[in-house]
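K.L.:
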Amino acid sequence: MQPCGRLGRNLRGSRTAEGVPCHRRPGSAPVFANPQGLSPVRGEANAPAFVRKCKKQCAFKLRNVTKRGECMETVLLNGRDDAFIRAVEESSGQVVARCYQCGNCTAGCPMSFAYDYSVSQVMRLIQAGQKDAVLSSKAVWLCAACNTCSQRCPNEINVAGVMDACRQMARREKKFAVRAMRAFVDAFLDSVKFNGRSHEVGIMALYMLYTGRVWTDVELAPKVLPKGKMPLLPHRIKGRSEVAAIIDRYKQGLSDPERVRARLAKDAGAESGKGKEAVS
Amino acid sequence: MSKATFGYFPGCSGLGTSLEYERSTRAVCRELGLTLWDIPDWNCCGSTPAHTVDPVLSSALSARVFAQGETAGIRDVVTPCPSCLSNLRNALEHMEDELFAARVEALTERPLEAGHSVKSVLQVIVEDIGLDKVKERVRRPLVGLRAVPYYGCLMTRPEKIMRFDDPENPQSLDLLLQALGAEVLPFPLKVDCCGGSLGIPVRESVPRLSGRILELAGELGADVIVVACPLCQMNLDLRQGQIRAKGLDYTVPVPYFTQLMAYAFGLGDEEAAFKLLAEDISPAFSCMQRRAGEIKAEEARVAALAAQKAAAKAGRTGSGQSQAKSAGAAGGEA
Amino acid sequence: MRIGVFICHCGSNIAGTVDCASVASVASTYPDVAYATDIMYACAEPGQDAIIAAIKEHRLTGVVVASCTPRMHEPTFRKTVERAGLNRYMFEMANIREHVSWIGKDMEANTNKASELVRMAVSKLRLNRELKPKSFPVTKRLLVVGGGVAGIQAALDAADAGLEVLMVEKQPTIGGKMAKLDKTFPTVDCSSCILGPRMVDVAQHPNITLYAYSEVESISGYVGNFDVKIRKKAAYVDWSKCTGCGLCTEKCPSKKSYDRFNEGVGPTTAIIIPFPQAIPKKASIEREYCRQFNTGKCGVCAKVCPTGAINYEMQDEFIDAKVGGIVAATGYDLMDWTVYQEYGGGRYPDVVTSLQYERMLSASGPTGGHIKRPSDGEEPKDVVFIQCVGSRDVSIGRPYCSGFCCMYTAKQAILTKDHIPDSHSYVFYMDIRSPGKGYDEFTRRVQEEYQARYIRGRVSMVYPKGKKLIVRGADTLMGTQVEVEADLVVLAVGAEAAKGAPHLAEKLRISYDSYGFFMEGHPKLRPVETNTAGVFLAGACQGLKDIPSSVAQGSAAAAKALALLSRDMLDSDPQIAAVNVNRCVGCRKCIEVCPFKAIQEIDLRGQPKAEVIETVCQGCGLCNATCPQGAIQLSHFTDNQLLAEVEALCRF
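Those sequence lines, one after another, are chains A, B and C.
Counting in our numbering, the first sequence runs from 1 upward without gaps.
Counting in our numbering, the second sequence runs from 281 upward without gaps.
Counting in our numbering, the third sequence runs from 615 upward without gaps.
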């Protein structure tokens, strides 16, 4: 039984159609094993092993789900996922240990109202190496990238950059906590791939297709269509195949750092080899 | 290339929802002597979606834009959209790292030369052209218009990348509007986020965030909220109806600063493109004219009073010459 | 010469990576070494006794101890050899701990290096000469710069012990920041009630001369004999005639001055008496705002003054004094918080600093003790206190904690409740720092008894909406963003060194850090001394601290000064420069290069020669390095001595 990924109707946890509580806080692991086996990082530290291996749903959880839709499971701190912390730090270029949890980011974040974890809680989860919680959270998908947090952080941490890095990582690990956001991003990039430029009507159409939300913003049509502000046909640039190629090459992994680093090293080796030949 | 010629990157919304920004920007730049060379066959910079997928992808799209500029001999680019600006600038910054530049090239398969730069239209007008030149061109000063400048979150942030004005209390738009003759009200939420592109996937964000901005502007008694970003304008203007449906009590038109500049410069309706705005701007202009009339009347009254005082004083001193002088002066002023 | 070499094990600190026994045996082969051994702890009593015994038994005339850094124990061992009857300068140390055993673990390499360092020390010692310090008289007078609570305490303690004290205070009144406070934590004592009597004592003490509205213009000289020039700034009021009646302040028509004592809460007149309990209670004119000075038309104060004390022609006066020691107690100032544009950057009148709020709370303040919103004069009901504004903030270059804000914010929250019983106080904090006696109980009390609402989280932004101020913060313990609609916002602004502190430091020739705080001699063991002999520190100028700690440091500084000036004569350090007049050609290069102006030109039988002023010379050696003739040599570090070390090392 997998943690259910479907969104409830409002952003803060509600029950799904099956009546089984969604895991709004997947960082607190269920008692039953997930398909990959229990990660010791978020294991139930205060329960015996035989309980942890039990395949049945936790009765307590079924009865006593809190308003937010989850229980607070005990987190085992030994074996903190240092690789995850390092990956976030490398990707964002920030040192998460500098965060002293002051909450200034949370205080200034305009999207705070929609988050499941506040911004400073996301930073704390990263500091504690809680990879699943971070990558499965809605917060990293709802960040508006307005940079208010980074601007005001007293420790000069680029918090927006850290959130972005986590969202990128979540996408790579196929954890799409906010389907509407994923759909919007995919719709946008698909439009760019097809036309070389983003076509607003096209994006809306794709978004409606991907999410099934066919009534999105229909009331705005009369305000823009008569004024010619939303052309029905896209501007397709001549170099659109070039743009599509960029996106395809990205999807194929041609820009992966290890790959490019290796190629650079090989080229450098070849260069020096040539040099040696010339001398001798 | 002289400093008055720039490569122009309109941004995708310029062809659609920010058509009025496009038109007025081109008209105003022409008027100020700025030559804009459109970057040939330019592509989308990827906006927010691209960088949330991967900064390399975002920078690759920006790199193609610069490469296209290179084919026309363009190195210095100007763009009206802060989101495009942010992406283009970030691309240039990140590509200073050799590995990153190589990763970008792996995607674009086009090497990029050095020496590119990109600025916003607002920055060029304020820094390169200067507000004095703007003042010189004003034919129809916006006297009596109460404007509130809204910069949006990206124009001045992050500080290290945008390097323009103050990130918490920028003044460039304020000063520009004052140069056009408008009365600028201090606006505490001038850099608060409007919701950005989250308006579509997260429907609650725009009524909350843009609604807060509109409400404060309304409470302060602003005639217009002046913007410099297509996405902000869309959220505040196009979606104002949606926000009013949620309970907003005010109606505030939201023109682009270039539209007001076009009007102040005495350009035509086509250039100012006010008809393309979702919220009708004519109430704002009516207020402006009414207030301008009031200001003129007040000024005349004060002048007449001063003349009276001067005449009375001259009368008291008894000197015939000064009496004649002051009377003449009073006549001239009144 | 008969040299004794002692290699210290320092437990396993040295012996762990250096073979001490073998170093000792190699040392015994060095020229003039009569005895060499290794001991466990040279600095401990048995170790020192062993050295003394060896000196006596082997008739040693010089000692080398190879152990820790001389900065640690050179004075210790010099006293040891002195006790054994040798001159203390017939002693050398080789640092085989910080320079050898603490660097690496390679035993062979370390042992070799230790042996070489010992060889160098022995070679230098062979050229050492017995040096004798000279004595000079001291002036038994103390200068205290700064009239805050630390300076007041230092002055009173020194004066009570019989020392003459000069106190110089920049402001027209003493009392410093403590005089601005309404109440003090944790007892909520009235600040002027406890400080007032001390201030009066200073004014009336027979041994204390108070120069208020004065600054130190220049200092020259050396420990025991400083020459100080004090500038008495022109107050344009003759204080010998002024009775402090205050009539001038009532009649002055210029009412737009920045009220410095009241932190700019409301304007004041151009002629002021800072506050009712000011010491000295005398008027002074702020020239910048005075109509008489700016337009030449007024003179009202001169007309109404019953004693005719006003004197517009007054000039700054200079006073020369000789003192033996100096205590710097210049206190602190609040940093420029207007860099926080997100809090309004000074544009919103209802966002005030903690000191401004303190003046509002004070019954002798500009609002008569009534808390009023600066914008409309109404009483606030919701007061928000924001802590850490300018402290613990790397992004503005202030990573340190100011140390007293948590406590005074709690105090201000209590006072707010006292003044306005139906008010609500909100305190946004990151951590609560309340380490002193009764301090944590105090911060608990304000939350439990006085119902102040403490919220753990910072504030991102404050902005006006209608008549209120919206405070956008976070509650990290709940994990949510929070907002408060406030009537008044009080910022606990971080503190820094007093304005002008770096300039004073340069006059005193003491060091200061990047925030302007004066550097103490040792952060743990010498908190009230500096590395400049004769200059002591007290109070917040050394590092931010609360009132009890400032008072304690005031007494400590006085004790140090008393110890220094308890004798009639002081010994000078003989490790100073000396001129060989036969070699000196009178080129004056040494005079120009000396940073202490310790060298003067004299006429010797018609020829110009350099002469070292022994009491001023600090033994830095710059002159020695500069002299093209090698005529001026630094005793105990002569060219020959240093070359001997070099040659001992570079033997191959």
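For every residue, glycine included, the Cβ atom is placed at its ideal position computed from N, Cα and C.
1) Please list, in chain order, the chain B residues whose beta carbon lies closer than 9 Å to that of C:Gln1095.
2) Beta carbon of B:Leu312, beta carbon of B:Ile409: below 8 Å?
3) Is the CB of C:Lys1081 under 8 Å away from at least one CB in chain B?
4) Would you mind telling me which residues of chain C sit closer than 8 Å to B:Leu469, beta carbon to beta carbon, in chain order?
5) Are the CB atoms of B:Val418 and B:Phe545 within a distance shorter than 8 Å?
6) When the Cα of C:Gln785 is compared with those of C:Leu756, C:Ala764 and C:Ile887, which residue comes out closest?
7) Kindly confirm or deny that the segment 182-191 of chain A and the segment 105-115 of chain A touch, where touching means at least three C-beta pairs closer than 8 Å.
8) Quick check for students: name the residue ranges of the alpha helix (DSSP H) that lie wholly in the segment 1006-1067 of chain C, counting only runs of 4 or more.
9) By how many angstroms is the C-alpha of C:Arg1070 removed from the C-alpha of C:Tyr1040?
10) Could you name the residues of the segment 416-447 of chain B whose beta carbon sits closer than 9 Å to any beta carbon of chain C, in the order they occur along the chain?
11) State yes or no: is the C-beta of C:Leu809 within less than 8 Å of the C-beta of C:Val779?
12) Tell me which same chain residues have a C-beta within less than 6 Å of the C-beta of B:Val486, skipping the five on either side of it?
13) Step through the CB atoms of chain A and report whether any lies within less than 8 Å of the CB of C:Met1044.
14) Quick check on this structure: which residue in C:Ser1125, C:Pro1137, C:Ile1190 and C:Asp964 has the alpha carbon closest to the alpha carbon of C:Lys1082?
15) What are the complete beta strand (DSSP E) segments, minimum 3 residues, inside the segment 922-986 of chain C?
16) If we define contact as Cβ-Cβ less than 8 Å, is C:Gly858 a contact residue for chain B?
17) Considering only the beta carbon of each residue, do B:Met435 and B:Pro320 sit closer than 8 Å?
18) Using the three-state DSSP reduction, which class does A:Arg15 fall into: helix, strand or coil?
19) Using beta carbons (cut-off 8 Å, strictly below), is A:Val41 in contact with chain B?
20) Measure the alpha-carbon distance for B:Ala382 versus A:Gln130 and round it to whole angstroms.
21) Using the beta-carbon count (16 or more within 10 Å), is A:Pro158 buried or exposed?
22) For B:Arg369, I'd like the list of residues in its chain whose CB is within less than 8 Å of its CB, leaving aside the five on either flank, ordered along the chain.
23) Have a look at A:Asn282 and C:Thr1090 and give me their C-alpha separation to the nearest angstrom.
24) Within 8 Å, do at least three Cβ pairs link the segment 785-796 of chain C to the segment 1129-1142 of chain C?
25) If we ignore side chains and look at the alpha-carbon of each, how far apart do A:Gly93 and B:Glu373 end up?
26) How many whole angstroms separate the CB atoms of A:Ser198 and B:Ser327, which I take to be in contact at a CB cut-off of 8 Å?
27) Using beta-carbon positions only, say whether B:Asn323 and B:Leu341 come within less than 8 Å of one another.
28) Can you have a look at C:Gln1214 and say buried or exposed, based on whether 16 or more other CB atoms are within 10 angstroms of its CB?
29) Can you round the beta-carbon distance between B:Phe411 and B:Leu379 to whole angstroms, since I take them to be within the 8 Å contact cut?
30) Within 10 angstroms of its Cβ, does C:Leu1178 collect 16 or more other Cβ (buried), or is it exposed?
31) Hey, is A:Phe194's beta-carbon within less than 8 Å of any beta-carbon in chain B?
32) Hey, would you say A:Asn210 sits closer than 8 Å to A:Asp248, going by beta carbons?
33) Return no unless some Cβ of chain A is closer than 8 Å to the Cβ of B:Gln539.
34) Rounded to the nearest angstrom, how far is the Cβ of B:Gly287 from that of B:Val401, given a contact under 8 Å?
35) According to DSSP, is C:Gln1247 part of a helix, a strand, or is it coil?
36) At 3 residues or longer, what runs of the beta strand (DSSP E) sit wholly inside the segment 1200-1226 of chain C?
P.N.:
On the basis of the data shown:
1) None at all; the shortest Cβ gap to chain B is about 12 Å.
2) yes
3) No, no contact with chain B.
4) The answer, in chain order, is Tyr1077.
5) yes
6) C:Ile887
7) no
8) 1019-1033 and 1053-1062
9) Their Cα atoms are separated by approximately 10 Å.
10) Per Cβ criterion, the list reads Asp446 and Pro447.
11) No Cβ-Cβ contact shorter than 8 Å links C:Leu809 with C:Val779.
12) The residues are Gly475, Gly479, Asn515 and Arg519.
13) yes
14) Checking every option, the nearest Cα to that of C:Lys1082 belongs to C:Asp964.
15) DSSP runs (the beta strand (DSSP E)) wholly in the segment 922-986 of chain C: 931-937, 939-942, 946-948 and 965-967.
16) no
17) no
18) In this prediction, A:Arg15 scores a pLDDT of 41, lower than 50, which makes its location untrustworthy; the coordinate-derived value is nonetheless stated afterwards. If DSSP states are grouped into helix, strand and coil, A:Arg15 belongs with coil.
19) With a pLDDT of only 35 at A:Val41, under the threshold of 50, the placement of this residue in the model should not be trusted, and no figure is reported.
20) 32 Å
21) Note on residue identity: the sequence assigns Asn, not Pro, to residue 158 of chain A. Classification of A:Asn158: buried, given that the 10 Å Cβ count is 16 or more.
22) Val398, Ile441 and Met442
23) Absent from the structure is residue 282 of chain A, since the part of chain A shown begins at 1 and ends at 280.
24) As far as the Cβ criterion goes, the segment 1129-1142 of chain C does not touch the segment 785-796 of chain C, which means the pair count is below three.
25) 13 Å
26) 7 Å
27) yes
28) exposed
29) For clarity, residue 411 of chain B is Leu in the given sequence; the question names Phe instead. At roughly 42 Å, the Cβ-Cβ gap does not stay under 8 Å, so B:Leu411 and B:Leu379 are not in contact.
30) buried
31) no
32) The residue you asked about is not Asn; residue 210 of chain A is Tyr in the sequence shown. No; because the gap between Cβ atoms is not below 8 Å, this pair is not in contact.
33) no
34) Wrong, their Cβ atoms sit about 12 Å apart, outside the cutoff.
35) Three-state DSSP puts C:Gln1247 in a strand.
36) 1213-1218 and 1221-1226
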